[in-house]
Amino acid sequence: MDRLEKIVLVFSAGLLGIFFLALLAAARLQAIDVPPCLPPEVKPFSAGRVDTLPDGTRQLFYVARMWRFEPEIVEVPVGKPVDIFLSAGDVTHGFYLSWTNTNLMAIPGAVNAYTVKIEKPGIYPIICHEYCGSAHQNMVAYILAK
Ligand SMILES: [Cu+2]
Numbered sequence: 721m722d723r724l725e726k727i728v729l730v731f732s733a734g735l736l737g738i739f740f741l742a743l744l745a746a747a748r749l750q751a752i753d754v755p756p757c758l759p760p761e762v763k764p765f766s767a768g769r770v771d772t773l774p775d776g777t778r779q780l781f782y783v784a785r786m787w788r789f790e791p792e793i794v795e796v797p798v799g800k801p802v803d804i805f806l807s808a809g810d811v812t813h814g815f816y817l818s819w820t821n822t823n824l825m826a827i828p829g830a831v832n833a834y835t836v837k838i839e840k841p842g843i844y845p846i847i848c849h850e851y852c853g854s855a856h857q858n859m860v861a862y863i864l865a866k
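Throughout, my numbering is defined as the position within the sequence shown, counted from one, plus 720.
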């Protein structure tokens, strides 16, 4: 192997290492994490609801179906963890909570979940980011953080 080839190989491997470390650092700084694995007893559900645990944690159970999210408008407290559970009522949908790291897929037969803490009061739109049919662009819900 030519000396120049070795230098290029080492440089390329080092560059890949730097990119990988930068990716890990960015994920850590942005608090980006993969969604948790849910226990097998958590089954898909067909009606949206809002629960409040004794410690004040809000649990939002969203169902995405053509072409709406259920529940459509939910109020949550600022600065407290909010558990989001998502199920699909018909086809695959997306679930993006604007201005947060919450980005889930609603997949028929599965439940996805994420815990988010909203730090600023405001209106946070939830949009579907997976094309799901002719009225996909109208699929929106809102979280009101107070
Ligand atoms: Cu959609």
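Just so you know, even glycine gets a beta-carbon here, dropped at the ideal spot from N, CA and C. If you're wondering where the values come from, they're calculated on a predicted model, not measured in any experiment.
Quiz item: Given 8 angstroms as the limit, is there contact between the segment 833-840 and the segment 755-772, that is, 3 or more CB pairs closer than that?
Solution: Yes, since at least three Cβ pairs between the segment 833-840 and the segment 755-772 fall closer than 8 angstroms, the two stretches touch.
Quiz prompt | For M825, the nearest candidate out of A742, V796, I847 and K840 (CA to CA) | solution = The option with the nearest alpha carbon to M825 is I847.
Quiz prompt | Beta-bridge pairing of E795 - partner residues as DSSP gives them | solution = Looking at the DSSP assignment, E795 forms a beta bridge with L864.
Exercise. Would you mind reading off the limits of the beta strand (DSSP E) that contains P827?
Key: A quick correction: the sequence has Ile, not Pro, at residue 827. Premise fails: I827 is in no beta strand (DSSP E) and is neither H nor E.
Exercise. Identify every residue that forms a DSSP beta bridge with D803.
Key: Under DSSP, the beta-bridge partners assigned to D803 are Q779 and T835.
Quiz item: Which stretch, first to last residue, makes up the alpha helix (DSSP H) that contains L735?
Solution: From DSSP, the alpha helix (DSSP H) with L735 extends over R723 to L749.
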